[in-house]
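A.B. asks: Just so you know, the protein sequences line up as chains A and B, in that order.
Here the first sequence is numbered in our numbering, starting from 379 and rising by one per residue.
Here the second sequence is numbered in our numbering, starting from 26 and rising by one per residue.
Think of the CB as a built atom: it goes at the ideal place given N, C-alpha and C, for glycine as much as any other residue.
I have a structure I would like to understand better, so I am pasting it below and will then ask my questions one at a time.
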Amino acid sequence: MTALSSPVRADEPMGTSRSFASTALNLLRQREVQLVLAILAVGALSAALHPDFLASSNISFILADSVSTMIVAVGQTVVVIGRGIDLSVSPILGIAAIGVGFPAQDHNLNIFLALLFVLLIGTALGIGNGVLVSIIGIPPIIATLAMLTIYGGLQFIFSGGEEVVNIPNGYGNIGNSNLLPGVPWVIIIGAAVVAIAYLFLTRTITGRSIHAVGNNADAAFRAGIPVRRILFTTYVISGCLAGLGGLIYLCHVGSADSTTGSDTNVNLMSIAATLIGGTTLLGGRGGPVGSALGAVFLSEALQAMIASRIPVIWEPAGVGVLILIAVVAEGKGSPVRQLFRQPFRQPSGVPR
Amino acid sequence: MSGTPSLAQSPVVRRVRAQTAGRQETIWVAALVVLLIGLLAYFCLVVPDFRELGVSGVLALSEQFLFTGLIALGEALVILAGEIDLSTGAMSSLSGIVMAGLWQHGLNIWLATALALLVAALGGALNGLLITRLNLNSLLVTLATQFIFGSVATAVGGNTPPYNFPSSFVSLAGTGTIGPIPDQLVIFVVVAVAVSLLVARTRYGRGLVLIGYNRAAARYTGINVQRTLFSAFVSCGLLAGAAGIFVSGFYNAARDDIGDSLLLPAITVVVLGGVDIFGGKGRLSGVVIATFLLGFLTQGLLIEGKSSLTASMVTGIVLVLGLILKIALDRRAGVHLKELLARRFASAQGPPAVSDA
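This is how it looks when you write it as structure tokens:
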């Protein structure tokens, strides 16, 4: 292996590694870049069919609509990087939305207090998951599936069958007004969450530990990382962000009831955004930027489906197909990987 | 493996360990039986409405949850092999809708049923192909196909899905009885016995469990891992499809969303029945008893006047308590904590993907 003597990776053709083409191909291998291209492509295609698609009102709608999914997906990403999964985010979002929705409707709750409340609600419910997974040791998928029903029941009990229909203006303004044309307020919040999560995951000891635990929990344990505490933290973060997602949902949609969260398939959407964003269920790989782009892509693709008059009942199927494509693209020997892996014809007689 | 065998490899220690593992499973099943009897006794003593149903009434209650049991049997096959299928609920909806749709278009109801089961098997085959041929994670694939099947069911069903099937069909697949025993119960017992024998007494079943326990060992033993897994997914789809037919027969109507509420109870039943969620361990008899335990618990709560959401919350709580108990038992039986940790973290995302042979 001559690759040992130079920093060139073994799967890159020799001699071309420094060239512009190679740099471009390296970029194309990044899931984030692929997603930006996909977002532009879907936008261009839809605009060609329906010129209104690129109107600034539609763009800001697509962005604003993606934010609640985006924030939940960032939490999901943290859990998935730690090699877990959180199937209970939809009722957590719902409980947070009605938990501040009723006080806001009836007593005009201050929005900063509401922010504090949703974070507390999310943290408390996230602790439930964390206890089951990291302290008791129940497999994440089963633990969070069980919590899905328990929290779903709690949400019904808390709502008492009532509905939040009327939120104060301050909430609605946050959820639906634009900072600049095409740039809604909520996308700023979403971007801030993504940026903080990115810095947390790449620049802090805890964040790096999550990667290590997801990559190889045994090795992480031997290296002195408190594996259980780290896993616990991931579920608390996920719960906390699902709670924040609930507040954003309330501000954006303006209503909440006992099925909020489940009726819009928040579980599926957050997992889909995470997977499309390049975070793998095997743990240790991926990041919140991809998930955020994944959420925007999903929102755009669904909007494009509506624009091309595909009945709304096919929406879940569309998300399902996108998940499959993302998973196939990520797998070993996937067509997408092959496409980017061997860009040039290999000279004959050179052993690999 | 060369050199002197360690203590752990000595035949005596291995036999004792195997016996302990087997005894653990027996204790678990026995505990479920005791719980079931205790539960029925409790409801008879405390809930007058339950007591007044009588024997035939209580047996008839089972029609409300046997379809969950059918799905659980298929799910158990897949989970024993170390995989998972989240698309079973949607598959039930789809098969019920396909059956009803074909019947509405003038097909004989039994032919329509056969074709719907074929569609269910094909759906399972699609899952199996994606998972075994493309080396994909079953959790992700079936999460995706769950929503695809659901959308197809909604699209096929249209605005007013068919209802009011011929009485011969409703009687056999739905609410008919033989003496005091519901038809459904008879069919369920026959299927359950067949699947249990398949898993416990045939070469195929042993292979399936070995795949879940240790995939590499299964491959070295000469088991065709991909083909066995594929057939497990087909069986799972088929059983979920059959459950969909029974649901439609019982309610005398097809609904495109009826399966959604069946998935979690089915997985709960499998786990409560003592099947290891990572595969390789468990008995089908446990799954069958857990079906009745959870089913009577839910129905009893409903008769007591609790809401269905409370009942489903109780399902979740039972699942968590069952698992806590099981983990505690494993620890007492001397399964080393480190082994548990390694096992859990080794496949925390669910079963490992099928590696290429």
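Around the Cβ of A:Arg461, are there at least 16 other Cβ atoms within 10 angstroms (buried) or fewer (exposed)?
C.D. replies: To locate residue 461 of chain A, count along the first sequence from 1; it is residue 83. Buried.
A.B. asks: Whole-angstrom Cβ separation of A:Ala732 and A:Ala451, contact assumed at under 8 Å?
C.D. replies: There is simply no residue 732 of chain A to check, as chain A begins at 379 and stops at 730 in what is shown.
A.B. asks: Which residues, in chain order, does the region 235 to 250 of chain B contribute to contact with chain A at a C-beta distance below 9 Å?
C.D. replies: So the list is empty, because no residue satisfies the distance condition.
A.B. asks: Is the Cβ-Cβ distance between B:Leu111 and B:Thr167 less than 7 Å?
C.D. replies: The sequence position of residue 111 of chain B within the second sequence is 86, counting from 1. The sequence position of residue 167 of chain B within the second sequence is 142, counting from 1. Cβ atoms of B:Leu111 and B:Thr167: closer than 7 Å.
A.B. asks: Should B:Ala371 go down as buried or exposed, given a rule of 16 or more other Cβ atoms within 10 Å for buried?
C.D. replies: Taking the first residue of the second sequence as 1, we reach residue 371 of chain B at position 346. For B:Ala371, the predicted structure reports a pLDDT of 49, less than 50, and the residue's modelled location is therefore unreliable. A value from the coordinates is still provided. By the neighbour-count rule (16 or more Cβ atoms within 10 Å), B:Ala371 is not buried but exposed.
A.B. asks: Provide the residue(s) that pair with B:Ile203 in DSSP beta bridges, ordered along the chain.
C.D. replies: Taking the first residue of the second sequence as position 1, residue 203 of chain B is located at position 178. Bridge partners of B:Ile203: B:Ile206.
A.B. asks: Using the C-alpha atoms, what's the distance from B:Leu161 back to B:Ala145?
C.D. replies: Here the question's residue 145 of chain B lines up with position 120 in the second sequence. Here the question's residue 161 of chain B lines up with position 136 in the second sequence. Their Cα atoms are separated by approximately 21 Å.
A.B. asks: Alpha helix (DSSP H) containing A:Leu441: first to last residue?
C.D. replies: What you label residue 441 of chain A is simply residue 63 of the first sequence in a count that begins at 1. Unbroken alpha helix (DSSP H) run through A:Leu441: Ser434 to Ile459.
A.B. asks: Residues of chain B with a CB under 7 Å from the CB of A:Phe534: which are they?
C.D. replies: In the first sequence, residue 534 of chain A corresponds to position 156, counting from 1. The contacting residues are Leu334.
A.B. asks: Less than 6 Å between C-beta atoms, sequence neighbours within five positions excluded: which residues of the same chain meet that for A:Phe398?
C.D. replies: Residue mapping note: residue 398 of chain A aligns to position 20 of the first sequence, counting from 1. Excluding positions up to five away in sequence, the list is empty.
A.B. asks: Leaving out five residues before and five after B:Pro30 in sequence, what residues of the same chain have Cβ atoms less than 7 Å from its Cβ?
C.D. replies: In the second sequence, counting from the first residue as 1, residue 30 of chain B sits at position 5. The predicted model places B:Pro30 with a pLDDT of 48, which falls under 50 and marks its position as unreliable, so this point remains unresolved.
A.B. asks: Between the region 72 to 90 of chain B and the region 235 to 247 of chain B, do three or more beta carbon pairs fall short of 8 Å?
C.D. replies: No, they do not touch.
A.B. asks: If you compare alpha carbons, which of A:Ile437, A:Ile463, A:Thr401 and A:Phe534 is closest to A:Ile649?
C.D. replies: What you label residue 649 of chain A is simply residue 271 of the first sequence in a count that begins at 1. Comparing Cα positions, the closest option is A:Ile463.
A.B. asks: Excluding five sequence neighbours on each side, which residues of the same chain lie with their C-beta closer than 7 Å to the C-beta of A:Ala492?
C.D. replies: Working through the first sequence from its first residue, we reach residue 492 of chain A at position 114. Around A:Ala492: Val478, Ala482 and Leu625.
A.B. asks: Taking the straight line between their C-alpha atoms, what separation do you get for A:Gly617 and B:Thr200?
C.D. replies: As a first step, residue 617 of chain A must be located in the first sequence, where it is residue number 239. As a first step, residue 200 of chain B must be located in the second sequence, where it is residue number 175. Roughly 44 Å between the two C-alpha positions.
A.B. asks: Taking A:Leu510 as the query, report the chain B residues whose CB atoms sit under 9 Å from its CB, ordered along the chain.
C.D. replies: Looking up residue 510 of chain A in the first sequence gives position 132. Simply Val345, Leu348 and Ile349.
A.B. asks: Should B:Leu140 and B:Phe174 be called a contact, given that it needs their Cβ atoms to be closer than 7 Å?
C.D. replies: The residue labelled residue 140 of chain B in the question sits at position 115 within the second sequence. The residue labelled residue 174 of chain B in the question sits at position 149 within the second sequence. No; because the gap between Cβ atoms is not below 7 Å, this pair is not in contact.
A.B. asks: Got a sec? Which residues, its chain only, sit under 6 Å from B:Pro187 by beta carbon, not counting five neighbours each side?
C.D. replies: The residue labelled residue 187 of chain B in the question sits at position 162 within the second sequence. Answer for B:Pro187: Ala125, Gln129 and Ala279, listed in chain order.
A.B. asks: Is the region 638 to 658 of chain A close to the region 503 to 514 of chain A, with three or more CB pairs under 8 Å?
C.D. replies: Result no; under three Cβ-Cβ pairs closer than 8 Å.
A.B. asks: Listed in chain order, which residues of the region 148 to 182 of chain B have Cβ atoms closer than 8 Å to some Cβ of chain A?
C.D. replies: If the cut-off is 8 Å between Cβ atoms, the region 148 to 182 of chain B has Leu155, Leu159, Asn160, Leu161, Asn162, Leu164, Leu165, Val166, Leu168, Ala169, Thr170, Gln171, Phe172, Ile173, Gly175, Ser176, Val177, Thr179 and Ala180 near chain A.
A.B. asks: Strictly under 7 Å for the Cβ-Cβ distance: is B:Ser120 near chain A by that measure?
C.D. replies: On the second sequence, residue 120 of chain B is found 95 positions in, with the first residue counted as 1. B:Ser120 does not count as touching chain A.
A.B. asks: Does the region 574 to 584 of chain A come close enough to the region 673 to 693 of chain A that 3 or more CB-CB pairs lie under 8 Å?
C.D. replies: Counting Cβ pairs under 8 Å, fewer than three are found: no touch.
A.B. asks: Could you name the residues of chain B that A:Thr527 contacts, counting a contact when the two beta carbons are closer than 7 Å?
C.D. replies: As a position in the first sequence, residue 527 of chain A is number 149, starting the count at 1. Neighbours of A:Thr527 on chain B, chain order: Leu289, Ser337, Met338, Thr340 and Gly341.
A.B. asks: Under 7 Å Cβ to Cβ from A:Gly592, same chain only, skipping five residues before and after it: list those, please.
C.D. replies: In the first sequence, counting from the first residue as 1, residue 592 of chain A sits at position 214. Once the five neighbours on either side are set aside, the close Cβ partners of A:Gly592 are Ile459, Gly460, Arg461, Gly661 and Gly662.
A.B. asks: B:Gly262 and B:Gly149: beta carbons closer than 7 Å?
C.D. replies: By 1-based counting over the second sequence, the position of residue 262 of chain B is 237. By 1-based counting over the second sequence, the position of residue 149 of chain B is 124. Taking 7 Å as the Cβ cut-off, B:Gly262 and B:Gly149 qualify as a contacting pair.
A.B. asks: In chain B, what lies closer than 7 Å to A:Ile476 by C-beta?
C.D. replies: Position 98 of the first sequence holds residue 476 of chain A. Within 7 Å Cβ-Cβ: nothing; A:Ile476 doesn't reach chain B, min ~14 Å.
A.B. asks: Using C-beta distances below 7 Å, list every residue in its chain close to B:Phe194, excluding the 5 sequence neighbours before and after it, in chain order.
C.D. replies: As a position in the second sequence, residue 194 of chain B is number 169, starting the count at 1. These residues qualify, in order along the chain: Ile134 and Gly274.
A.B. asks: Taking only beta carbons into account, state which residues of the region 673 to 703 of chain A come closer than 7 Å to chain B, listed in chain order.
C.D. replies: Cβ contacts with chain B come from Ile691, Trp692, Pro694, Ala695, Val697, Gly698, Val699, Ile701 and Leu702.
A.B. asks: Pull the bridge partners of A:Ala634 from the DSSP assignment, please.
C.D. replies: For the purposes of this step, residue 634 of chain A is taken as residue 256 along the first sequence, with counting starting at 1. Bridge partners of A:Ala634: A:Val542.
A.B. asks: So with CB distances below 9 Å, who are the chain B contacts of A:Val706?
C.D. replies: Here residue 706 of chain A refers to the residue found at position 328 when the first sequence is read from its first residue. Result: Leu155, Leu159 and Leu161.
A.B. asks: Hey, how far is the Cα of A:Ala474 from the Cα of A:Ile499?
C.D. replies: Mapped onto the first sequence, residue 474 of chain A falls at position 96. Mapped onto the first sequence, residue 499 of chain A falls at position 121. Those two C-alpha atoms are separated by around 6 Å.
A.B. asks: Please report the straight-line C-alpha distance between A:Gly553 and A:Ile565, rounded to a whole angstrom.
C.D. replies: If you number the first sequence from 1, residue 553 of chain A lands on position 175. If you number the first sequence from 1, residue 565 of chain A lands on position 187. Cα to Cα, the separation comes out at about 9 Å.
A.B. asks: Decide if B:Phe258 is buried, meaning its Cβ has at least 16 other Cβ atoms within 10 Å, or exposed.
C.D. replies: For this step, residue 258 of chain B is matched to residue 233 along the second sequence. Per the 10 Å Cβ criterion, buried.
A.B. asks: Thinking C-beta only, is A:Ser434 closer than 7 Å to A:Gly560?
C.D. replies: Your numbering for residue 560 of chain A matches position 182 in the first sequence. Your numbering for residue 434 of chain A matches position 56 in the first sequence. Yes.
A.B. asks: Just to confirm, is the Cβ distance from B:Ser310 to B:Val54 under 7 Å?
C.D. replies: By one-based count along the second sequence, residue 310 of chain B stands at place 285. By one-based count along the second sequence, residue 54 of chain B stands at place 29. Yes.
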